[in-house]
Structure formats: C-alpha cells, structure tokens
Amino acid sequence: MNSKKYEIDMCNGSIMDKLILFALPLMLTSILQLMFNAVDIIVVGHYSGRQALAAVGSTTALINIFTNLFIGVSLGANVLAARYYAAKQEKEMSEAVHTSITLALVSGIIMAFVGVLASRFALEVMGTPSDVIGQSVTYMKIYFLGMPFFMLYNYGAAILRAVGDTRRPLIFLAFAGMANVGLDLLLVIVIPLDVAGVAIGTITSQFISCILVLRCLWKSESSYQLRFSRLCIRWKYLKRIFQVGIPAGIQSTVINFSNAMLQSSVNSFGSTAMAGYTAANNILSFLYAAVNAVTQACMSFTSQNYSVGKQKRMDRVFFDCIFLSSVAAVILGVGAYLFGSQILKIYTADPDVISCGVEILSITTVPYFLCGIMDLIPGALRGMGHSAVPMILSIIGTVGTRILWIYVFFPAHRSLHFLFISYPASWVFTIVMQAVCFYFVRKLCMRHLPAGQ
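If you're matching positions, the sequence shown starts at 44 in this note's numbering and goes up one per residue.
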C-alpha cells in the first residue's frame, strides 16, 4: 500500500496550509465521532425518555476519568513516533510502533475489567439518582467491554497522525459511525433495548474502526508497518512514551475528575438538569473537537521540527495554531450561543431540559476560544518533550479553580448559570500560568535544540 500520498512533510515548505490539511480531517474525525455519539443521546432522548437520556449522560465524566489516562499516554506514542519518523530512524520507529500497539491492547483489557467491576460503585459515589442508576450501570458495563477496540484504534490513529496522515482515520470512522447509527436505530426503536442498545452499537463501531486502522498499519510499506508477530513491550520505548504520555494522561484524568465533581453538583438539581447538561455538554464537545484538532497538529508539527532543530519553524507553527484555534472556537462558540435552543431541540423535545441546556450554553460557548488556547500551550510543550510542568499547572489552574468554585462559591449561589462560570474562570487562570511556563521552557529547549537549519 502506498502510504506516502497520505503523509505530510511537516518540516519543509509552507506551514498554514499544511496545518489546515492536517487539522481539518482530524477535526472532522472528532466531530463525526461526536455526531455518532450524539445519535446515542438523540435516540434515547426521543424514544426512551428523560431518564434514559440522563442515564447515558451521567456516565460521560466517569468514562472519561477511566479512559483519559491511557488516551493521554497515546500522545506520548504520537510524539515519539513523530520524532523518529522526521529523523528517519526506521528501526526505532518500528519498535516504537509495536510497543505502542501492545500497550494499547494490554491497557484496553485492564480497563475493561476495571470498568465492569467498578461501574456501580463509582456511580453511587457520584450521587447518581436511584431512578437513573440502574440504566447508567448497564450502559457503562457494556461500554467498557469495548475498551480493547477503543484503545487499539486510538493508538493506531496516533501513529498515523505522527506521520501526518489524518485522512484515513476519518474514512475508517465514517464506516464505523454508520454502523453505529444503524445499530442504534435497530436496537432502540425496532428492538427496544434502550441504553443497552446504544451501548452495543457503540462497542460494535469501535470494533470496526479498530480492525480498519490495524489493517492500514499492517498493509503499510513504511517504517510504521505493523506485524502482529513482533508485538511486545520494549522498555526503552515504553519509558519514552510514558515521559510525555503519563503527565498528559494524568492531567486529562484529573481535569475529568473535576468534571465528575461538577456532574455531582448538576445531579443535585435532578434528572431534568442532568438531561440538559448531557445535551449541552455534547454541544460543547463539538467545540472541543475543533480546538483539540489544532492542538494535535501543533504537537505533531512541533515534535517533528524539534527533532531536526528548526526553531523558527516551531515558533511559526505555534502562533499559526493559536490563530487557527481561536478562529474556529469563536465561529462555533458564537453559533452555539445564538442557536443553542434550536440545536438542543435536536436532542429532546422537553422544554425544561432545553431550558437547563440553554442556561449552561449561555456562559460557556462564546469564551470557548480561551479553552483552545489553554489546550494549545501544553500541546506545544509536549511536542518539545516537556509534559510534567504543564500537567501540574493545568491541574492547579483548572481543577483547583473548579473545586474552589463548587465548594466555596456555588453553595451560596445555587444555579446552573453560576455553577458553569467556573469554566471560563478556570480557563483564564490556567492560561496565565501556562504562558509563563511556555516562555521559560521554550528558552530551555532552545539551548538543547538539535542542530538544524
């Protein structure tokens, strides 16, 4: 298979058009994935009722806590593969690929066991209402059975992104997503399995996307070719993956832990507010998909250019990415603010649920470009191999602000609107700290930059 036509030369030529060429398919991939996930919410919201909608939504933060540590580690695999590929170290590239895929398989199996065993306990700790928790447990247990497929797809896609290939993961996800939609309609409307039906549809689509990305790597004729007989953990590469990936995973996990705490505050308003938050949070996920695609581009481009010592190009990548991320977030954020109530009607016809969703969107959508900048700075730092300090600052800024808000300010001003002011407040505080960190870490990295052009 000729893989070169899908790859992008990140170290030479113009930058902005290549960033767009890289980020746009990745953005569409994430948005497409969210659209298929939204089908789960829309189908259960319209055909299984408010409680089923709340049940699916109440699992989101918990699922993210369980999965994002290992998904964060895949960023380490992306950075390492990008460096080896740019430096044309084919042996190291191949061994990093096989270590990454083995890690994905092992971590997926571990997550499946932990998720199935801990689902009910975790939902009870979050204060999930009794009229919802039964369906929530069912959804989570089935969802976690698909974790090996989920992890293999994400790590395989991370390897493809490292060489600039973001188009084929988009194609793979389109096929898997169509299967998800078809199964949702079959297993909820035709065969009324409610939340179990959408969970089965989800893990089936994960299986399809996993098979497609592994087949792509297997048929490749480049240095990232996959051979199942060579799968094993090579500790030299695992350590390097962990150096970047573990801090990124911890950061994402802890931030999602703060979101789970916020979910608990939303739960205190009852199932109507939970359903409104589920729908609003899904809309916010589309905004995050857009800015995160630019962050992924920044990380891959920075990593490749760092490996060949191109300082000026790294700086141009960073500032071009800030521009792209801000433009995308402002357009989508303002659109979500202006048309929020109409968009929410896609998820549910319940006016009370829509009202709660609008209340959340009114405070989080327009300033969402701040979230993009907050996400981008650690991405650039990870591309340079520095992940620990950005992790600490993100935890202090994001999690610290939200914990303070939930336990100190929120009890005296109990409303969804006031609760979600914690989002933009945490973004601003974190950006200030991350910008200072970026300035000093960049100076340090430039002293040790490999000799380049």
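Beta carbons: idealized from backbone N, C-alpha and C, even for Gly.
query = Whose CA, out of F250, V233, I144 and A371, lies closest to the CA of L260?
reply = Checked all of F250, V233, I144 and A371; the closest Cα to L260 is I144.
request  = Could you spell out the range, first to last residue, of the alpha helix (DSSP H) harbouring P394?
outcome  = In the DSSP assignment, P394 falls within the unbroken alpha helix (DSSP H) covering P394 to T407.
query = Taking the alpha carbon of S101 as the point to measure from, which residue in Y128, T441 and N325 has its own alpha carbon closest?
reply = Selection Y128, T441 and N325 evaluated against S101 yields N325 as nearest (Cα-Cα).
query = Under the three-state reduction of DSSP, which class applies to V206: helix, strand or coil?
reply = Here V206 sits in coil by DSSP.
key: Three-state secondary structure assigned by DSSP to L166   = DSSP places L166 in the helix class (H, G or I) of the three-state scheme.
request  = State the Cα-Cα distance for the pair L228 and K355, rounded to the nearest angstrom.
outcome  = When rounded, the distance between both Cα atoms is 51 Å.
Touch test, the stretch 156-173 against the stretch 207-215, Cβ-Cβ under 8 Å, three pairs minimum = The answer is no - the stretch 207-215 does not touch the stretch 156-173, with fewer than three Cβ pairs under 8 Å.
key: Top-ranked residue by Cα proximity to G56, from V360, V479 and G443   = Cα-wise, what sits closest to G56 is V360.
key: Whole-number beta carbon distance between M417 and T473, since they are thought to touch under 8 Å   = Yes, they are in contact, since the Cβ atoms of T473 and M417 sit about 5 Å apart, within 8 Å.
ask   = So G376 packs on T338, CB below 8 Å; how close in whole Å?
value = About 16 Å; that fails the 8 Å criterion.
request  = Would you mind reading off the limits of the alpha helix (DSSP H) that contains F461?
outcome  = Per DSSP, F461 belongs to the alpha helix (DSSP H) from L459 to L462.
message = Among A323, L367 and A242, whose alpha-carbon lies nearest the alpha-carbon of F382?
response = It is A323.
Span of the alpha helix (DSSP H), counted from its first residue to its last, around Y349 = Start and end: S314 to S350.
key: Distance between Q268 and F285 (C-alpha atoms, nearest Å)   = Approximately 22 Å, taken between the alpha carbons.
message = DSSP three-state label for N107, please.
response = Helix, per DSSP.
G495 to K131 span [Cα, whole Å] = In this prediction, G495 has a pLDDT of 48, which is less than 50 and means its spatial position is unreliable; what the coordinates show is noted afterwards. In this structure, the alpha-carbon of G495 lies about 14 Å from that of K131.
inquiry  = Suppose you measure from the CA of S272 to the CA of L75; what does that come to, to the nearest Å?
reply    = So the two alpha carbons sit approximately 33 Å from each other.
task = State the CB to CB distance for the pair I114 and G292, rounded to an integer number of angstroms; the pair is presumed to be in contact (CB under 8 Å).
result = Contact flag correct, Cβ pair sits at about 7 Å.
request  = Alpha carbon to alpha carbon, how far is F164 from I185? Give it in angstroms, no decimals.
outcome  = Straight through space, the alpha carbons of F164 and I185 are spaced by roughly 16 Å.
ask   = Are the stretch 85-97 and the stretch 296-308 in contact at 8 Å, needing three or more beta carbon pairs?
value = When Cβ pairs closer than 8 Å are counted between the two stretches, the stretch 85-97 is seen not to touch the stretch 296-308, the count staying below three.
request  = Report back the beta-carbon spacing between R425 and L118 to the nearest angstrom; my notes put them in contact at under 8 Å.
outcome  = At roughly 6 Å, the Cβ-Cβ gap stays under 8 Å, so R425 and L118 are in contact.
inquiry  = In whole angstroms, give me the CA-to-CA distance for F362 and A392.
reply    = Here the C-alpha atom of F362 lies approximately 42 Å from the C-alpha atom of A392.
ask   = So which of F192, P394 and M434 has the shortest CA-CA distance to I246?
value = Nearest of F192, P394 and M434 to I246, Cα basis: F192.
ask   = If you draw a straight line from the C-alpha of A497 to the C-alpha of T321, how long is it?
value = No information on residue 497 is available, as it lies outside the stretch 44 to 496 that the chain covers here.
request  = Under 6 Å Cβ to Cβ from G158, same chain only, skipping five residues before and after it: list those, please.
outcome  = Closer than 6 Å at Cβ, skipping near neighbours: F109 and F187.
task = Return the CA-CA distance between E138 and H429, expressed in angstroms with no decimal places.
result = If I take the Cα positions, the gap works out to 22 Å.
task = Could you please give the first and the last residue of the uninterrupted alpha helix (DSSP H) stretch that includes W448?
result = For W448, no alpha helix (DSSP H) run applies, since DSSP gives it neither H nor E.
Nonlocal neighbours in the same chain, by C-beta distance under 7 Å from I365, ignoring five residues either side = The residues are I416 and L419.
request  = Output the boundary residues of the alpha helix (DSSP H) element that contains H429.
outcome  = Note, H429: premise wrong, no alpha helix (DSSP H); not H, not E.
key: Uninterrupted beta strand (DSSP E) stretches inside the stretch 278-316 (no shorter than 3 residues)   = Fully enclosed beta strand (DSSP E) runs of 3 or longer: not present.
task = Rank M190, M183 and L105 by C-alpha distance to the C-alpha of V1 and give the top, closest one.
result = Given that the chain is displayed from residue 44 to residue 496, the structure contains no residue 1 and the question cannot be resolved.
Under the three-state DSSP convention, the category I50 falls into = First, the amino acid is wrong: residue 50 is Glu here, not Ile. Under the three-state reduction of DSSP, E50 is assigned to coil, being neither helix nor strand.
task = Can you grab the Cα-Cα spacing for the pair A124 / L69, in whole Å?
result = Between the C-alpha atoms of A124 and L69 there is a straight-line separation of about 18 Å.
ask   = On the three-state DSSP scale, how would you describe A242?
value = A242 falls in the helix class under three-state DSSP.
message = At the level of alpha carbons, what is the spacing between M476 and A468?
response = Spanning the alpha carbons of M476 and A468 requires a straight line of approximately 13 Å.
task = Compute the beta-carbon to beta-carbon distance between A423 and S73, rounded to the nearest angstrom, for a pair I have assumed lies under 8 Å.
result = Contact check for A423 and S73: beta-carbon distance about 19 Å, past the 8 Å limit, so the pair fails to qualify.
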